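For the record, the sequence lines run as chains H and Y.
Under this note's numbering, the letters of the first sequence match residues 18 to 422, in that order.
Under this note's numbering, the letters of the second sequence match residues 232 to 391, in that order.
Positions of the beta carbon are idealized from the N, C-alpha and C atoms, including for glycine.
Given the structure is predicted, the values throughout are model-derived calculations rather than measurements.
Heads up: the structure comes next, in structure tokens.
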Amino acid sequence: MANQVQYIFDNQNLNKSEPQKFRQEDLKHDEMIVNIGPQHPSTHGVLRLEVITSGEEIVEVVPHLGYLHRCFEKHAENLPYNQTLPFTDRMDYLAAMNNEHGFAMGVERMLGIEKEIPKRVEYIRVVVAELNRLASHFVALGSYGMDIGAVTAFFWTMRDREHILRLLEWVSGARMLYNYIWVGGLFYDLPVGFEERCLEFVQYLKPKLKELENVVIDNTIFVNRTANVGVLPLDLAINYGITGPMLRGSGLEFDLRKVDGYSVYPEIDFDIPVGKGQMGQLGDCWDRTWVRVQECYQSIRIIEQSLEKLMKEHKRDRDFDPRAMVPKKIRPKAQDLYVRAENPKGETGFYFRADGRSDIPFRCKARGASFVNLSIINELAKGGMIADLVAVIGSIDIVLGEVDR
Amino acid sequence: MKAEEIKILLEENFPQKSFEVVENASPQGIVVPAESLVAVMDFLHTNNKLYFDMLSCITGLDNGPEAGNMEVIYNLYSVPNDIHLMIKVILQRDDLKVDSLVEIWKTADWQEREVYDMYGIHFNNHPDLRRILMPADWEGFPLRKDYEEQTYYRGMKVKY
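Spelled out as structure tokens, the structure:
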């Protein structure tokens with residue numbers, strides 16, 4: 018290996034593998050191409066943007082993807098369902114529990130055991146998924162603040178996210194990529210004392226969230242940078258397949274936890290925050306950010322109610338086995354199935370084709386919420402300033418692991 | 232609304248075409264002939280009883296060289312009516328062309344590019360059909376069942 022050539026360098030390699038869409042001669046007078054990324058902090062990962070600018074104004078944005086492509090779908094076609102599950106963690110790595118929940122739910126639905134999962138298992142799933150949603154929104158809010166110049170928000174949200182990661186590490190043994198929710202059950206029951214600690218954390222979090230809202234979100238500087246920027250009308254959002262906080266920021270009360278009512282969400286009382294255009298136009302960057310903050314409060318409500326159930330109706334039992342329903346052999350009947358779940362970023366969907374003869378899916382397609390949400394960037398950024406482009410990318414809240422899969 | 236009812240509605244409006252309900256599909260599905268895809272989708276998008284305003288997911292699928300066909304699967308959802316529908320188009324491997332839906336749903340742009348990238352299915356009238364995830368100079372279409380990796384890419388061995 019040591020003597021082998023590992024990479025043949027050529028000056029033209031980049032032009033061949035990821036050519037610019039626009040060439041110099043296509044541009045009008047005064048227009049120029051500005052390349053942003055892939056190694057740029059405000060693109061939140063390895064995203065490359067080819068920006069056509071006229072002075073300070075953006076004419077067109079062309080994203081170039083694929084720098085983090087890890088062949089999820091090819092892996093899934095070669096592995097049994099339970100072995101694919103850890104790969105879903107690596108899609109949206111900031112909200113791994115939510116991906117696992119969606120994937121496990123899809124396989125359970127194919128096997129027809131979705132209704133037989135014990136209630137305690139479902140409540141534990143909801144608790145860990147909502148904790149992870151909080152962690153994901155904290156990264157979104159903190160790094161968004163950082164993008165547009167508020168460093169305090171990043172420190173505060175990372176401090177609180179650390180508590181969540183430690184709680185989840187206590188539950189599953191890992192900080193970010195958990196493999197905790199299994200098809201038909203869970204890896205382990207919650208550790209002894211988790212419910213009390215988690216309630217304590219939630220009580221601690223409420224005033225901190227209020228503080229964040231007062232100091233950062235309602236801050237005049239923040240409002241001036243985000244209100245009336247990147248306005249997304251509702252009809253365009255639906256036409257682009259936008260989901261999650263972006264769609265709700267544009268004023269539609271659409272949350273798959275309510276609409277589809279999967280898992281035990283119908284038994285839990287929570288609201289869906291919707292953007293109202295309080296600081297500027299409906300569907301601007303501020304609305305989307307505000308929706309994320311309000312969702313944090315709702316997640317806290319869901320966690321509180323679920324923990325109460327876990328301590329009373331479905332309380333810890335020596336004989337309870339979270340792996341009781343885990344199938345020894347996962348071989349669904351021949352069928353097509355599309356399952357969707359509410360990820361912090363939007364609708365995460367899995368399309369399965371099972372042929373009924375093997376333990377391996379014939380086809381497994383992952384619909385990444387960030388991938389679809391990112392496709393609107395040109396519409397949002399066009400006609401704005403370059404500085405606003407950073408505000409727009411941050412408000413979409415992309416995770417490149419999910420964009421490229 | 233059930234798939235059978237949607238099928239009857241489609242047959243009334245497209246008398247010369249044949250539609251078929253997909254078995255064992257959840258959500259319910261209908262197979263549509265490739266040549267009338269855009270007309271059918273436009274009808275599903277604008278009809279008042281259906282109004283499928285959201286195109287959630289486009290999936291490509293290869294049935295292998297023995298079966299000799301590929302499929303493109305569209306998952307539609309109607310936000311106001313809360314109906315799901317899976318539309319399936321079957322394409323022969325020697326003629327992998329289907330009309331693009333970018334005119335109806337803008338979200339089809341990137342999702343069709345992804346299908347093109349992975350399966351080499353050509354979408355007619357697509358405004359910007361380039362590879363999206365793989366490098367532009369990559370050889371072959373990785374998710375086809377008969378895909379063989381190229382041996383070297385820039386001097387790096389591809390296959391492990």
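- Using a beta-carbon distance cut-off of less than 9 Å, what residues from the region 350-366 of chain H approach chain Y? K350, A351, Q352, D353, L354, Y355, V356, R357, E364 and G366
- Task: Identify every residue that forms a DSSP beta bridge with K382/H.
- Result: As a first step, residue 382/H is located in the first sequence; it is residue number 365 there, counting from the start. BP columns for K382/H point to Y368/H.
- Query: Can you tell me the Cα-Cα spacing of I352/Y and R375/Y, whole angstroms?
  - Reply: Looking up residue 352/Y in the second sequence gives position 121. Looking up residue 375/Y in the second sequence gives position 144. About 11 Å.
- Query: In the structure shown, what three-state DSSP assignment does H57/H receive?
  - Reply: As a working mapping, residue 57/H is identified with position 40 in the first sequence. Reduced to three states, the DSSP call for H57/H is strand.
- Below-8 Å beta-carbon distance, I255/H vs any chain Y residue: For the purposes of this step, residue 255/H is identified with residue 238 of the first sequence, where counting begins at 1. Closer than 8 Å to some Cβ of chain Y, the Cβ of I255/H qualifies, so yes.
- Item | Beta carbon of D414/H nearer than 8 Å to that of A191/H | Stepping through the first sequence from its first residue, residue 414/H is reached at position 397. Stepping through the first sequence from its first residue, residue 191/H is reached at position 174. Their beta carbons are not under 8 Å apart, which means D414/H does not touch A191/H by this criterion.
- Item | Validate contact between the region 305-325 of chain H and the region 281-291 of chain H using beta carbons, cut 8 Å, 3 pairs | yes
- Message: I need the DSSP call for F354/Y, collapsed to helix, strand or coil.
- Response: Here residue 354/Y is taken as the residue at index 123 of the second sequence, counted from 1. Residue state, collapsed to three classes: strand.
- Message: Considering only DSSP beta bridges, list what Y384/Y is partnered with.
- Response: As a first step, residue 384/Y must be located in the second sequence, where it is residue number 153. Y384/Y is bridged to M387/Y.
- Query: Can you tell which of H61/H, E67/H, E179/H and P36/H has its C-alpha closest to the C-alpha of I50/H?
  - Reply: Taking the first residue of the first sequence as 1, we reach residue 50/H at position 33. Selected option, being the one with the closest Cα: E67/H.
- Message: If I measure Cβ to Cβ from K233/Y and keep anything under 8 Å in the same chain, skipping five residues before and after, which residues do I get?
- Response: Position 2 of the second sequence, counted from the first residue, corresponds to residue 233/Y. So the list reads Q259, once near-sequence residues are dropped.
- Message: Between L82/H and chain Y, is the shortest Cβ-Cβ distance under 8 Å, so that the two count as touching?
- Response: If you number the first sequence from 1, residue 82/H lands on position 65. So yes, L82/H belongs to the interface.
- Query: Does the separation of the CB atoms of I430/H and V63/H fall below 8 Å?
  - Reply: This structure cannot settle anything about residue 430/H, because the visible part of chain H is limited to 18 through 422.
- Taking C-beta pairs closer than 8 Å, name the residues in chain H that I363/Y reaches, listed in chain order. One-based indexing of the second sequence puts residue 363/Y at position 132. L82 and G83, listed in chain order.
- Message: So for N245/H, helix, strand or coil by DSSP?
- Response: Numbered from 1 along the first sequence, position 228 holds the residue referred to as residue 245/H. Coil at N245/H, not helix or strand.
- Item | Complete runs of the beta strand (DSSP E) confined to the region 186-216 of chain H [at least 3 residues] | none
- Item | Buried or exposed (CB count within 10 angstroms, at least 16 for buried), G418/H | Here residue 418/H refers to the residue found at position 401 when the first sequence is read from its first residue. Buried, by the Cβ-count rule.
- Contact set between the region 256-283 of chain Y and chain H, restricted to residues whose Cβ is under 8 Å from the partner: A256, S257, P258 and G260
- For G123/H and G373/H, the rounded distance between their alpha carbons: Counting from 1 along the first sequence, the entry for residue 373/H is found at position 356. Counting from 1 along the first sequence, the entry for residue 123/H is found at position 106. Cα-Cα distance, rounded: 15 Å.
- Item | Cβ-based burial, G159/H [other Cβ within 10 Å; buried from 16] | If you number the first sequence from 1, residue 159/H lands on position 142. It counts as buried.
- Where in the region 291-368 of chain H do unbroken runs of the alpha helix (DSSP H), each at least 4 residues long, occur, reported from the N-terminal end onward? 302-328
- Beta-carbon gap between I130/H and L203/H smaller than 8 Å: Reading the first sequence from its first residue, position 113 is the one you call residue 130/H. Reading the first sequence from its first residue, position 186 is the one you call residue 203/H. No. Outside cutoff.
- Message: Between the region 86-104 of chain H and the region 42-57 of chain H, can you find at least three pairs of beta-carbon atoms closer than 8 Å?
- Response: no
- Message: Just to confirm before moving on: does the CB-CB distance between V252/Y and K238/Y stay below 8 Å?
- Response: Taking the first residue of the second sequence as 1, we reach residue 252/Y at position 21. Taking the first residue of the second sequence as 1, we reach residue 238/Y at position 7. Contact flag set, yes.
- Which bits of chain H does L374/Y rub up against, with CB to CB less than 7 Å? For the purposes of this step, residue 374/Y is taken as residue 143 along the second sequence, with counting starting at 1. In chain order: E90 and K91.
- Message: For E94/H, which residues in the same chain have their Cβ closer than 8 Å to its Cβ, ignoring the five residues on either side in sequence?
- Response: The count along the first sequence starts at 1 and reaches residue 94/H at position 77. Once the five neighbours on either side are set aside, the close Cβ partners of E94/H are I377, P378, F379, R380 and C381.
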